[in-house]
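Asks: Handing you this structure, nothing more for now.
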Amino acid sequence: MNDWAGLAWLVVLLAFNAFFVGSEFAVISARRSQIEPLAEKGSRPAKTALWAMEHATLMLATCQLGITICSLVILNVSEPAIHHLLAVPLGLTGWGEAVVDIVAFVVALVIVSYLHVVFGEMVPKNLAFSLPDRAVLLLATPLRWVSRLFYPVIVVLNWIANHVVRLFRVEPKDEATSTYTLDEVATIVATSRIEGVLDDASGTVAAVVEFTDKKAKDVAVPLGDLVTLPETATPEDVERAVARHGFSRYVIVDDTEQPVGYVHLKDVLREAEGDDDAASRPIKAKRIHLMVPVAETTDLEDALALMRRSSRHLAQVRDAEGRTTAVLFLEDIIEELIGEVHDATRRGPHGRPGR
């Protein structure tokens, strides 16, 4: 082969090697959250990219086969050409033929290795890591064509690799992992704030992460801290409580001081409207809202879901024996997410509704 043809092959093989390296890192680094919206809009490259991400092991086998072939051919085609080109000027030094061959071989090996590592490996890897979403959209389509071309060989290689992995009692996955655990999300949020990428001055994002760790008992108000009204309370009693405490909801308790429900100011005012005597009569049972029962160990997000489904703003928190120990307010749950929430009727120092 002509020496200059060998150099031309070096450039071509480095480009192919870079393609396979970039494709490999793009497939495992790209984010589904960025690719799926494009696929839903009908983008063919995005659809192909999603397919590649969902068949990651097959794509990785294609990349590894391509990298291995390119690396072997580069050494066998390009090194002799460079070796021969270097031997001519080195022969003018007057060195012996054996010395010239050794020096030319070493220099050729260093040049080929340098070009292979830098331009065939590191540059495409860094580009794919820096722009994974754009890289996978660009490289997934040609990579899939290559996988189709060598499909029988790749399937066999992938099958052997998966069975070797299973010998170590590890179940291989076809799809690149694109989900995160709660601890990983918390770490991402903390790191993003430190790096200045995420502006969370109010602490809302951090609060959302911590929210999922909390239980109902962590936020609920103990019975002893509540401002309660008896079952015989009248609309006038509610109005006096509002004037004194400034809250719109009050827990109703029975003779044993156990909660039986709660009343809202607007319901009481609606009942007393147009009836002067109604203001001095006990509140009707239909105006007393039942509370959702939840266990102390119920996750706060599950308690919120229950309260939303039942359209209730308060929940009874019970211990393992079924005894009511506290009351959970919807407002307190929301405050865990977005910070202080002010009751529209609140006066004086901040506090929880019904306290």
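Residue numbering for the sequence shown follows full-length UniProt numbering, beginning at 1 and increasing consecutively. Every residue gets a Cβ at the ideal spot worked out from N, C-alpha and C, and that includes glycine. Remember, predicted model here, so these are calculated numbers, not experimental data.
#1: Roughly how many angstroms separate the alpha carbons of residue 243 and residue 310, rounded to a whole number?
#2: Expressed to the nearest angstrom, what Euclidean distance is found between the alpha-carbon atoms of residue 315 and residue 32?
#3: Would you mind sorting residue 17 into buried or exposed? The rule is 16 or more other CB atoms within 10 Å of its CB.
#4: Residue 121 to residue 330, Cα distance in whole Å?
#5: How far does the alpha helix (DSSP H) with residue 74 in it reach, from first residue to last?
#6: Going by the beta-carbon positions, is the gap between residue 420 and residue 58 smaller than 8 Å?
#7: Quick one: what's got a C-beta closer than 6 Å to residue 84's C-beta in the same chain, skipping five residues either side?
#8: Please work out which residues of its chain come closer than 6 Å, Cβ to Cβ, to residue 47, disregarding the five sequence neighbours upstream and downstream, and give them in chain order.
#9: Grab me the residues of residue 115's own chain with a C-beta within less than 8 Å of its C-beta, minus the 5 sequence neighbours each way, in chain order.
#10: In this structure, how does DSSP classify residue 327 when only helix, strand and coil are distinguished?
#11: For residue 302, count neighbouring Cβ atoms within 10 angstroms of its own Cβ and tell me buried if that reaches 16, exposed if not.
#12: Considering only DSSP beta bridges, list what residue 318 is partnered with.
#13: If we ignore side chains and look at the alpha-carbon of each, how far apart do residue 298 and residue 249 end up?
#14: Quick check: what's the CA-CA separation for residue 291 versus residue 251?
#15: With DSSP collapsed to three states, give me the class of residue 286.
#16: Report the residue ranges of all alpha helix (DSSP H) runs contained in full by the stretch 111 to 187; include only those spanning at least 4 residues, in chain order.
#17: Just verifying my parser: in three-state terms, what is the DSSP assignment at residue 215?
#18: So residue 150 packs on residue 93, CB below 8 Å; how close in whole Å?
#19: Run the CB neighbour count on residue 102, radius 10 Å, all protein chains shown included, and call it buried at 16 or more, exposed below.
#20: If distances are taken between C-alpha atoms only, which option among 325, 306, 112 and 270 comes closest to residue 260?
#21: Can you tell me whether residue 270 is buried or exposed? The criterion is at least 16 other CB atoms within 10 Å of its CB, across all chains shown.
#22: Any idea what DSSP makes of residue 244, helix, strand or coil?
Replies: Walking through what the data contain:
#1: 29 Å
#2: 38 Å
#3: buried
#4: 55 Å
#5: 56 to 91
#6: With the chain running from 1 to 355 in the structure shown, residue 420 is simply not present.
#7: 3
#8: 39
#9: 10 and 14
#10: strand
#11: exposed
#12: 295 and 324
#13: 23 Å
#14: 9 Å
#15: helix
#16: 123 to 130, 132 to 149 and 151 to 167
#17: strand
#18: Their Cβ separation, rounded to whole angstroms, is 46 Å, which puts residue 150 and residue 93 out of contact at 8 Å.
#19: exposed
#20: 325
#21: exposed
#22: helix
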